[in-house]
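Colleague: Quick one: this structure, given as structure tokens, is what I'll be asking you about.
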DNA sequence: CTGTTAGCGCATTCAC
DNA sequence: GTGAATGCGCTAACAG
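Residue numbers (the working numbering), protein chains in the order written: chain A, 215 to 549; chain B, 215 to 549.
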């Protein structure tokens, strides 16, 4: 049995409310009483039950982070950013993984309606289906902030990067480097961020007067990685295979790299790859990979900050939208 | 205001206890009453308050995972494993990051004494200092399971890999490949797993009659990565620089790779690298890296499973110890 | 300054 | 089969 506020009150022959106030350092308690209470609490290693207080104060000090996965370095860094501000605020971070499955996302959000957490940060799962489960959450009054993988139609705060622009810039960069047949590797037809990046890719073609070959837009959305590998392999075995590849997310960027290895294609002589990826990964590759790097840590931090602003000041942030800049980083070859 | 059990009782003109029982599908409630209650609950989108029930039942359905960081792919995979079993058990995973700082670890564990979670999974932070904070947790009756980075002296369940053996095998492999001057890159003098891997490294020297040069054992334990980089660089600039490197964790393995790039050292001609790392990383490198790969996902899963066994059956698992095998994986060169 | 009282939402006796 | 009462641990009026 754990020691409670009541135990302390009994031992000290005072009222529980006095103990409660003393522990919260209320101004209406005398210094000496506080001393006694504090001493007794320390002696018994008293630890307040957070959920009892939560019941009363209607604050759980928990926030949820709902993610597709955590293998990717983007989401790892985002968790770091989120955790860093949560730690400051003395909040706790409950992590949920959807594995990019809508059914899981549904059941997770369904559960979150209960008041288990004070707010939710999320990056949506890929897949078809509406957003009723998200609206259900909102209807329960649970504040929500999207980051990276957002749903445009849902009225909630959003933290994103300049996906259209970076898709454009990445493509432009390859074109300027001399690539003439460009491929776009995606993982989804339905995710907004990927659609935007693809549009940037297409826009660059338009601006630079390059034709678009639809065969070159490949969706690696198979759960079986081997299939995705084959899909990219087939692309690179075409007679008029691309000499430039835009990897729209880290997974496919590295996938392209692996396939090139497998086919013994020279990078960048045969194929030039430019992709969304974390710098640490890029630094290991040889030849070095030009990357579009998202400020993942900052995005997590920003999203969490907006959430806490909502929580604390009860401000309605549902129409807020923060756009952070991705960076296109080219590394010098060391060969 | 959320709809509670009481609201339903009022609306249906029945007692709250009846509603409570009906919702839990108690045998002592008639089928028709259950129907009515369930219908009404659904209609109002009733969601039970988990913390109210927690107060009564003394179960929070939360477990904590305390980690040094989440950048590394080892811990990402471990979280995946943990989450997968937690999801099955309808438990929630609260993630805490120590950033390898003992003071943070202390404050986190201190907080966890409160009963916020039903159990704790942890991989300890590096650094000097005792383990009173861990014992304090145990004294509060919070079950704890260590994984990977354990503390031998603490009486708690432990899930580890065969660190001594894999340290030996890694070194042996390099020796057999022809490396004669071996370096061991570590990140800590105090972590058990690293000490074991180092001992395996030393043992291999003994077995194969190779001298050990203490200068070759480098600790990259600086918070500033640039300093660690310099440290390894200095090592590789020695006149009798190593021609074989054992990277004891992913971070230093990739670091060694980067430094070799920087110094334009040929791998494996000039220096052969073999390190603990995730396969995905290894697959990207060229020339391919021979790795010791820990079953991170399985470790997380195993640790969580042990924790739940303790939680459910109230079995004392404090002397349990599970040793999983790491794999030494060599990739064929594609050059 | 301190104590009494009344919940927070739910689950569990124990009557009826 | 149902309901009234009690309490989980804590906080917040409101008295005194």
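Even glycine gets a Cβ: it sits at the ideal position worked out from N, Cα and C.
Got a sec: is the Cβ-Cβ distance from residue 500 of chain B to anything in chain A below 7 Å?
Modeller: In the second chain, the residue the question calls residue 500 of chain B occupies position 286. Cβ-Cβ to chain A under 7 Å: yes for residue 500 of chain B.
Colleague: From the DSSP secondary-structure annotation, give me the bridge partner or partners of residue 541 of chain A.
Modeller: Numbered from 1 along the first chain, position 327 holds the residue referred to as residue 541 of chain A. In the DSSP output, where bridge partners are listed per residue, residue 541 of chain A has A:507.
Colleague: Within 7 Å (strictly less), CB to CB, does residue 264 of chain A reach chain B?
Modeller: Taking the first chain and counting its residues from 1, one reaches residue 264 of chain A at position 50. Chain B, which has a Cβ nearer than 7 Å to the Cβ of residue 264 of chain A, makes this yes.
Colleague: Identify which residue in A:396, A:514, A:356, A:453 has its Cα closest to the Cα of residue 374 of chain A.
Modeller: Along the first chain, read from residue 1 onward, the residue named residue 374 of chain A stands at position 160. If we check each option's Cα against that of residue 374 of chain A, A:514 comes out closest.
Colleague: Which residue comes first and which comes last in the beta strand (DSSP E) that contains residue 385 of chain A?
Modeller: Counting from one through the first chain, the residue named residue 385 of chain A turns up at place 171. Segment 377-390 is the alpha helix (DSSP H) holding residue 385 of chain A; no beta strand (DSSP E) there.
Colleague: For a minimum of 4 consecutive residues, which ranges assigned as the alpha helix (DSSP H) are wholly contained in the region 380-446 of chain B?
Modeller: Entirely contained in the region 380-446 of chain B, the alpha helix (DSSP H) runs reaching 4 residues are, in chain order, 406-421.
Colleague: Just by C-beta distance, which residues in the region 326-349 of chain B are closer than 7 Å to chain A?
Modeller: 327, 328, 329, 330
Colleague: Which first and last residues belong to the beta strand (DSSP E) in which residue 335 of chain B is found?
Modeller: Position 121 of the second chain holds residue 335 of chain B. 333-336 is the extent of the beta strand (DSSP E) around residue 335 of chain B.
Colleague: Just to confirm before moving on: does the CB-CB distance between residue 275 of chain B and residue 305 of chain B stay below 7 Å?
Modeller: Locating residue 275 of chain B in the second chain gives position 61, where the first residue counts as 1. Locating residue 305 of chain B in the second chain gives position 91, where the first residue counts as 1. Contact flag set, yes.
Colleague: Apart from the five residues on each side of it in sequence, which residues of its chain come closer than 6 Å, Cβ to Cβ, to residue 389 of chain A?
Modeller: Locating residue 389 of chain A in the first chain gives position 175, where the first residue counts as 1. The beta carbon of residue 389 of chain A is closer than 6 Å to those of 422 in its chain, skipping five residues each way along the sequence.
Colleague: As a quick exercise: from B:458, B:472, B:418, pick the residue whose alpha carbon is nearest that of residue 444 of chain B.
Modeller: In the second chain, residue 444 of chain B corresponds to position 230, counting from 1. Ranking B:458, B:472, B:418 by Cα distance to residue 444 of chain B puts B:472 first.
Colleague: With a CB to CB cut of under 8 Å and the five nearest residues on each side skipped, what residues in its chain are close to residue 436 of chain A?
Modeller: Looking up residue 436 of chain A in the first chain gives position 222. So the qualifying residues of the chain are 442, 445.
Colleague: Counting only the same chain and skipping the five closest in sequence on each side, list residues whose C-beta sits under 8 Å from that of residue 533 of chain A.
Modeller: Translated into positions along the first chain, residue 533 of chain A becomes position 319. 369, 371.
Colleague: Starting from the beta carbon of residue 497 of chain B, find every residue of chain A whose beta carbon is closer than 7 Å, and list them in chain order.
Modeller: Here the question's residue 497 of chain B lines up with position 283 in the second chain. Those are 472, listed as they occur along chain A.
Colleague: Between the Cα of residue 398 of chain B and the Cα atoms of B:407, B:385, B:530, B:297, which residue gives the shortest distance?
Modeller: As a first step, residue 398 of chain B is located in the second chain; it is residue number 184 there, counting from the start. Closest by alpha carbon: B:385.
Colleague: For residue 371 of chain B, list the residues DSSP reports as bridge partners.
Modeller: Within the second chain, the letter at position 157 stands for residue 371 of chain B. Looking at the DSSP assignment, residue 371 of chain B forms a beta bridge with B:359.
Colleague: Using a C-beta cutoff of 7 Å, does residue 468 of chain B count as contacting chain A?
Modeller: Numbered from 1 along the second chain, position 254 holds the residue referred to as residue 468 of chain B. So yes, residue 468 of chain B belongs to the interface.
Colleague: Going along chain B, which residues have a C-beta under 9 Å from residue 516 of chain A?
Modeller: Within the first chain, residue 516 of chain A is the residue found at index 302, counting from 1. Residues of chain B whose Cβ lies closer than 9 Å to the Cβ of residue 516 of chain A do not exist, since the nearest Cβ in that chain is about 18 Å away.
Colleague: At the level of alpha carbons, what is the spacing between residue 481 of chain A and residue 458 of chain A?
Modeller: Taking the first chain and counting its residues from 1, the one referred to as residue 481 of chain A is at position 267. Taking the first chain and counting its residues from 1, the one referred to as residue 458 of chain A is at position 244. Rounded to the nearest whole angstrom, the C-alpha separation of residue 481 of chain A and residue 458 of chain A is 10 Å.
Colleague: Would you please verify whether the beta carbon of residue 311 of chain B is less than 7 Å from any beta carbon of chain A?
Modeller: As a position in the second chain, residue 311 of chain B is number 97, starting the count at 1. Interface residue, yes.
Colleague: Tell me whether residue 308 of chain A is buried or exposed, calling it buried when 16 or more other Cβ atoms sit within 10 Å of its Cβ.
Modeller: Within the first chain, the letter at position 94 stands for residue 308 of chain A. Per the 10 Å Cβ criterion, buried.
Colleague: Which whole-angstrom value is the C-beta distance of residue 522 of chain A and residue 299 of chain A, which I expect to be below 8 Å?
Modeller: The count along the first chain starts at 1 and reaches residue 522 of chain A at position 308. The count along the first chain starts at 1 and reaches residue 299 of chain A at position 85. Beta-carbon to beta-carbon, residue 522 of chain A and residue 299 of chain A are separated by about 7 Å, close enough to satisfy the 8 Å threshold.
Colleague: Which same chain residues, not among the five before or five after residue 552 of chain A, have their C-beta less than 8 Å away from its C-beta?
Modeller: Since the first and last residues shown for chain A are 215 and 549, residue 552 of chain A lies out of range.
Colleague: Any idea what DSSP makes of residue 310 of chain A, helix, strand or coil?
Modeller: Against the first chain, residue 310 of chain A aligns to sequence position 96. Strand.
Colleague: CB residue 237 of chain B to CB residue 283 of chain B, shorter than 7 Å?
Modeller: As a first step, residue 237 of chain B must be located in the second chain, where it is residue number 23. As a first step, residue 283 of chain B must be located in the second chain, where it is residue number 69. Taking 7 Å as the cut-off, the Cβ atoms of residue 237 of chain B and residue 283 of chain B do not count as close.
Colleague: Round the Cβ separation of residue 412 of chain A and residue 381 of chain A to the nearest angstrom and send it over; I've been treating them as touching at under 8 Å.
Modeller: Locating residue 412 of chain A in the first chain gives position 198, counting from the first residue. Locating residue 381 of chain A in the first chain gives position 167, counting from the first residue. Confirmed, Cβ separation roughly 7 Å.
Colleague: Name, going along the chain, the residues of the region 278-307 of chain A whose beta-carbon falls closer than 9 Å to a beta-carbon of chain B.
Modeller: Those residues of the region 278-307 of chain A that come within reach of chain B (Cβ to Cβ, closer than 9 Å) are 278, 279, 283, 284, 285, 286, 287, 289, 290, 291, 293, 294, 297, 298, 301, 304, 306, 307.
Colleague: With three or more beta-carbon pairs closer than 8 Å as the criterion, would you say the region 341-361 of chain B touches the region 313-328 of chain B?
Modeller: Touching, per the Cβ criterion.
Colleague: Let me confirm a value: residue 241 of chain B is counted as buried when at least 16 other C-beta atoms fall within 10 Å, else exposed. Which label applies?
Modeller: Here residue 241 of chain B refers to the residue found at position 27 when the second chain is read from its first residue. It counts as exposed.
Colleague: When the Cα atoms are used, what is the spatial distance from residue 549 of chain A to residue 479 of chain B?
Modeller: Translated into positions along the first chain, residue 549 of chain A becomes position 335. Translated into positions along the second chain, residue 479 of chain B becomes position 265. Because residue 549 of chain A carries a pLDDT of 46, less than 50, the predicted location of this residue cannot be relied on, and the following value inherits that uncertainty. Rounded to the nearest angstrom, the two C-alpha atoms are 10 Å apart.
Colleague: State buried or exposed for residue 508 of chain A, treating a residue as buried only when at least 16 other CB atoms are found within 10 Å of its CB.
Modeller: Taking the first chain and counting its residues from 1, one reaches residue 508 of chain A at position 294. Residue 508 of chain A comes out buried.
Colleague: So does the region 256-268 of chain A actually touch the region 263-273 of chain B, counting three or more Cβ pairs closer than 8 Å?
Modeller: yes
Colleague: What residues from chain A crowd round residue 274 of chain B, counting only those whose CB sits closer than 7 Å?
Modeller: Within the second chain, the letter at position 60 stands for residue 274 of chain B. Residues of chain A passing the Cβ test: 265.
Colleague: Put residue 329 of chain B into one of helix, strand or coil per three-state DSSP.
Modeller: Residue 329 of chain B sits at position 115 when you count from the first residue of the second chain. Three-state DSSP puts residue 329 of chain B in coil, outside helix and strand.
Colleague: Rounded to whole angstroms, what is the Cα-Cα separation between residue 430 of chain A and residue 440 of chain A?
Modeller: The residue given as residue 430 of chain A occupies position 216 in the first chain. The residue given as residue 440 of chain A occupies position 226 in the first chain. Near 19 Å, if we compare the C-alpha coordinates of residue 440 of chain A and residue 430 of chain A.
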